[in-house]
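Here is the structure we will look at, set down as structure tokens.
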Amino acid sequence: MLQVHTYRFNGHSPADPEHERGRKDEKAWARENQDPIKEFEAKYTASGVFTEDELKAARKEILADIKKAVKFADDSQMPPETLAKELEYPDVPDTDYNLKQPPAFADEVNARTISPDQMQNVQDHIAALREKAIAGEISVGDAINLAIHEEMLRDPTTTIHAEDLQAGSSYDIPKLTQQTYGTIRAADEIIDEGHFIGKALGEAMNGYRPIVELMNTNFGIYGMAEISSAGNTYATTGGQFDMPMTIIGAGGTAPNQALGAEHSQPLHAYVMGIPGLKICTASSPDAAYGITKSMIRDNGPCFLFCPVKMMKESKGEVDLDRCMPLNKAALLHEASQAAVDSRNAVTVLTYLHGVKEAQLSIDAIKEEGFDIDLIELRSLKPLDMETIEKSLVRTNKLCILDESTKTGGVGASISARVSEELFDLLDAPVKRLCMDDAPVPYATTMEKAVVKRGDDLVQGVFDLCTKKW
Amino acid sequence: MKKITKQTYLDWYKDMLFWRKFEDKLASVYIQQKVRGFLHLYNGQEAILAGALHAMDLSKDKMITAYRNHVQPIGMGEDPKKVMAELYGKATGTSKGMGGSMHIFSKEFGFYGGHGIVGGQIPLGAGIAFGDKYKGSDGVTLTCFGDGAARQGSLHEAFNMAMLWKLPVIFIVENNGYAMGTSVERTANHQDIWKLGLGYEMPCGPVDAMNPIKVAEAVDEAIQRARRGDGPTFLEMKTYRYRGHSMSDAQHYRTKDEVEEYRKIDPITQVLDIIKEKNYATEDEIDAINKEVKRMVKECEKFAEESPYPETQQLYDMVYEQEDYPFIS
Chain A
29 MLQVHTYRFN GHSPADPEHE RGRKDEKAWA RENQDPIKEF EAKYTASGVF TEDELKAARK
89 EILADIKKAV KFADDSQMPP ETLAKELEYP DVPDTDYNLK QPPAFADEVN ARTISPDQMQ
149 NVQDHIAALR EKAIAGEISV GDAINLAIHE EMLRDPTTTI HAEDLQAGSS YDIPKLTQQT
209 YGTIRAADEI IDEGHFIGKA LGEAMNGYRP IVELMNTNFG IYGMAEISSA GNTYATTGGQ
269 FDMPMTIIGA GGTAPNQALG AEHSQPLHAY VMGIPGLKIC TASSPDAAYG ITKSMIRDNG
329 PCFLFCPVKM MKESKGEVDL DRCMPLNKAA LLHEASQAAV DSRNAVTVLT YLHGVKEAQL
389 SIDAIKEEGF DIDLIELRSL KPLDMETIEK SLVRTNKLCI LDESTKTGGV GASISARVSE
449 ELFDLLDAPV KRLCMDDAPV PYATTMEKAV VKRGDDLVQG VFDLCTKKW
Chain B
13 MKKITKQTYL DWYKDMLFWR KFEDKLASVY IQQKVRGFLH LYNGQEAILA GALHAMDLSK
73 DKMITAYRNH VQPIGMGEDP KKVMAELYGK ATGTSKGMGG SMHIFSKEFG FYGGHGIVGG
133 QIPLGAGIAF GDKYKGSDGV TLTCFGDGAA RQGSLHEAFN MAMLWKLPVI FIVENNGYAM
193 GTSVERTANH QDIWKLGLGY EMPCGPVDAM NPIKVAEAVD EAIQRARRGD GPTFLEMKTY
253 RYRGHSMSDA QHYRTKDEVE EYRKIDPITQ VLDIIKEKNY ATEDEIDAIN KEVKRMVKEC
313 EKFAEESPYP ETQQLYDMVY EQEDYPFIS
């Protein structure tokens with residue numbers, strides 16, 4: 029580490045004259061006695077390396093160059109208004125990641141960096157996971173691990189960082205990566221999210237594709253500045269630098285998880301407003317697998333949230349080798365035509381633990397004589413307004429089972445957009461079943477009140493259909 | 013520092029044994045789901061608390077730590093029944109059921125929590141000390157954290173400012189060798205965590221933390237330094253935890269043999285050996301202590317079991333100070 033002693037002649041910046049009070053004499057002295065250019069000129073004319081005339085000519089040339097630069101800037105056009113929006117993402121929202129070509133050097137680099145034993149090991153591991161996937165028995169955590177291995181073999185510039193990585197972290201997401209790809213490419217991280225997300229930023233700007241696994245997404249709060257920086261990189265550099273970072277974590281707030289306030293916050297809501305991020309949620313192995321693959325291939329920063337209390341759940345078939353879109357919601361259950369016709373159908377939007385809660389309450393809803401179009405949002409940003417619209421055309425009533433807070437939450441954003449863009453389709457105000465504005469308590473009785481669940485959804489659908497608002 | 017006498021040893025034995033059995037009891041009721049969420053137990057690290065308490069002046073000194081925080085408030089004077097009740101999520105708990113295992117607080121006894129985010133408590137500790145310096149009290153704050161937290165940037169930030177203002181704080185890293193499942197070797201180029209103080213010219217050094225005497229001596233020196241106004245100290249407590257990081261830890265990262273080796277230097281056993289060697293107590297007297305500890309633990313369990321759960325409304329009443337704040341139900 030080098031400590032370089034220097035001086036600055038002007039203020040910190042032109043915008044803060046206050047900082048410069050009392051420095052006038054000091055600055056005058058510095059300009060006289062601490063000017064490296066003056067010293068250079070004096071030293072090298074005294075020793076005869078340059079003549080005064082040579083320096084004069086150089087100064088003239090430099091001033092001319094500067095004048096040219098200023099003229100260029102003045103004469104140049106302002107950028108088009110549309111540029112900011114165009115530079116939001118390196119890959120447009122409806123990119124089909126299945127069409128992306130893998131790097132040509134993949135096989136050669138793999139052969140050079142992965143020993144035959146390691147390769148055999150990881151292929152066996154992948155084969156075992158694929159079997160589980162085909163049998164519909166792979167967990168969310170394992171599905172992500174499978175996607176990660178496939179992508180890390182497909183593109184050797186893909187790296188992974190996590191705390192406790194070599195031990196599989198909390199949900200086996202990075203399992204067997206260090207043993208296959210080595211301790212730098214699959215790195216154990218210190219417990220400092222700001223540090224390793226920041227490090228991943230640098231890695232990504234230097235040609236690599238880092239995956240960062242956060243364990244519980246609450247810890248991402250420590251890396252908010254870095255996540256924000258990731259979102260801004262492509263645009264702020266005028267499109268020079270991609271930011272192919274993928275952040276994966278287990279989050280949300282399960283009803284009755286008893287983890288206390290600091291482990292129950294909706295980070296997905298906190299980062300939703302950060303420009304440049306693509307944010308998805310996955311509550312099933314197939315979505316976790318397909319979205320992870322796409323996110324790794326995407327050239328911008330992507331954030332995948334999975335439900336912290338469902339990481340070991342394993343229902344559903346996985347569409348192996350397919351990348352899922354990052355801008356599409358999923359219609360998980362369609363209300364019957366009869367319910368639609370009798371005005372007893374509601375569009376329900378949800379994500380994370382809400383998906384299971386909603387699925388488990390469909391029977392109770394039907395028993396009451398109602399039905400729902402159950403839509404798992406999957407992509408929180410960009411939002412799939414098309415799928416929402418298609419459903420609202422049928423039901424004209426919207427209920428959001430929202431795992432974030434009333435103030436500043438995901439449901440709030442969606443509700444506002446629906447109201448702005450699909451107002452004519454609404455027969456009732458948008459119903460939000462969201463977390464209360466209160467720190468999530470530890471004790472079950474109290475936690476139940478804060479985090480909305482299946483029972484609340486049944487009630488919400490009932491209220492909407494019987495005009496109680 | 014108070015002299016270390018026969019009574020000190022007897023007190024240490026009883027206290028450390030009680031803390032050990034308290035934690036064991038929590039493990040067993042956790043499996044029965046009476047305690048939920050996360051549970052991080054202190055087994056093996058008791059000498060740190062025993063030694064520190066001996067050197068502290070509990071009428072003015074304070075402590076803050078992370079989430080392995082059940083026994084520290086008890087050591088400082090809080091009622092263990094209320095701590096267990098908090099873990100059960102009952103209204104009689106130290107935080108009225110709002111916090112749970114990771115958020116035990118005791119304002120009355122100077123225990124500032126109880127924090128879930130790794131390293132989050134380090135700047136807080138410096139801040140508590142700042143308050144005391146500003147007030148002109150000569151209280152000292154013990155700011156404890158683990159070897160994992162030592163890598164947080166906030167440690168450096170707090171060290172720098174604490175030295176600049178000569179804050180009355182003792183930074184204590186409880187180095188049990190593992191940050192969750194990752195050993196110190198894997199995430200650092202050297203294992204002398206105490207050396208992090210050198211860059212700030214902070215007095216620093218390692219302590220054999222399986223021995224309460226060594227702990228007491230080191231903490232006492234640091235406390236005297238802080239009380240004189242000479243600023244912070246950074247102590248690395250070389251310790252070990254016999255149980256996993258938390259109850260959901262499968263402990264794949266270390267061998268059973270390693271744990272067995274460290275059990276040989278169990279601080280409770282070390283103190284008991286001295287008691288027996290120096291005849292500080294008869295077999296019957298030791299037996300009586302063991303029985304008393306058992307009774308105390310049972311009493312805590314009974315209190316927690318029989319206490320009521322909190323009313324739901326409590327959670328809204330505790331968000332803002334203003335009564336009937338209009339924007340909360």
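For the record, the sequence lines run as chains A and B.
Under this note's numbering, the first sequence has 275 at position 247, and the numbering climbs by one with no breaks.
Under this note's numbering, the second sequence has 67 at position 55, and the numbering climbs by one with no breaks.
Positions of the beta carbon are idealized from the N, C-alpha and C atoms, including for glycine.
So the candidates are the options; which of them puts its Cα closest to the Cα of residue i?
i: E341/A; options: S441/A, D192/A, S311/A and A357/A; result: S311/A
i: T106/B; options: K94/B, G125/B and F171/B; result: K94/B
i: A195/A; options: R182/A, E217/A, T185/A and M180/A; result: E217/A
i: A300/B; options: L29/B, I16/B and K14/B; result: L29/B
i: R498/A; options: V468/A, R140/A and E414/A; result: It is not possible to answer for residue 498/A, since the shown part of chain A is limited to 29 through 497.
i: I212/A; options: S197/A, D200/A and T185/A; result: T185/A
i: E136/A; options: N149/A, A161/A, F100/A and R182/A; result: R182/A
i: E270/B; options: I129/B, Q44/B, G143/B and R255/B; result: R255/B
i: R163/B; options: A174/B, C156/B and V130/B; result: V130/B
i: L247/B; options: I184/B, K314/B and H66/B; result: I184/B
i: A97/B; options: H82/B, K268/B and D69/B; result: H82/B
Here's a check: name, in chain order, each residue in its chain whose Cβ is nearer than 6 Å to the Cβ of residue i, leaving out the five neighbours to either side.
i: K18/B; result: Y292
i: F398/A; result: N372, V489 and C493
i: A358/A; result: E404 and R406
i: L360/A; result: L402 and E404
i: I239/A; result: I188 and T274
Going by DSSP in three states, residue i sits in which element: helix, strand or coil?
i: A286/A; result: coil
i: R51/A; result: coil
i: R237/B; result: helix
i: L174/A; result: helix
i: F123/B; result: strand
i: C330/A; result: strand
i: D399/A; result: strand
i: L359/A; result: strand
i: P144/A; result: helix
Rounded to the nearest angstrom, what separates residue i and residue j at their Cα positions?
i: P121/A; j: L354/A; result: 7 Å
i: A62/B; j: E191/A; result: 31 Å
i: M308/B; j: V227/B; result: 26 Å
i: I219/A; j: K147/B; result: 34 Å
i: M339/A; j: A64/B; result: 41 Å
i: E186/B; j: D36/B; result: 20 Å
i: A221/B; j: E58/B; result: 9 Å
i: Y54/B; j: P118/A; result: 49 Å
i: A43/A; j: R51/A; result: 16 Å
i: D278/B; j: G56/B; result: 6 Å
i: I116/B; j: T378/A; result: 34 Å
i: E323/B; j: Y236/A; result: 52 Å
i: R87/A; j: A200/B; result: 51 Å
i: E304/B; j: K33/B; result: 11 Å
Near residue i, which residues of its chain fall below 7 Å by C-beta distance, leaving aside the five closest residues on each side in sequence?
i: Y470/A; result: A286 and G288
i: K55/A; result: F37
i: H291/A; result: N244 and N246
i: D455/A; result: N424 and K425
i: G49/B; result: G112 and S113
Residues of chain B with a CB under 8 Å from the CB of residue i: which are they?
i: T472/A; result: R48, G101 and Y321
i: A297/A; result: Here the premise fails: no neighbours, minimum Cβ distance about 18 Å.
i: V478/A; result: L327
i: A222/A; result: The identity of residue 222/A in the sequence shown is Gly, whereas the question assumes Ala. Correct list: G165.
i: I219/A; result: V130, G131, G160, A161, R163, Q164, A191 and M192
Which residues of chain A have a Cβ atom closer than 7 Å to the Cβ of residue i, listed in chain order?
i: G193/B; result: D192 and A195
i: V271/B; result: Those within 7 Å of V271/B in chain A number zero; the least Cβ separation is about 16 Å.
Please list, in chain order, the chain A residues whose beta carbon lies closer than 9 Å to that of residue i.
i: V231/B; result: Within 9 Å Cβ-Cβ: nothing; V231/B doesn't reach chain A, min ~25 Å.
i: M114/B; result: L287, G288, E290, H291 and Y470
i: G256/B; result: Those within 9 Å of G256/B in chain A number zero; the least Cβ separation is about 11 Å.
Along chain E, in chain order, which residues have C-beta atoms closer than 7 Å to that of residue i?
i: L287/A; result: No chain E is part of this structure, whose protein chains are labelled A and B.
Which residues in chain B sit within 9 Å of residue i, going by Cβ to Cβ distance?
i: E254/A; result: The premise fails here: E254/A is roughly 12 Å from chain B at the closest Cβ pair, so nothing lies under 9 Å.
List the residues of chain A that residue i touches, going by C-beta distances under 8 Å, in chain order.
i: R198/B; result: Q194 and D216
i: V331/B; result: D465, A466 and P467
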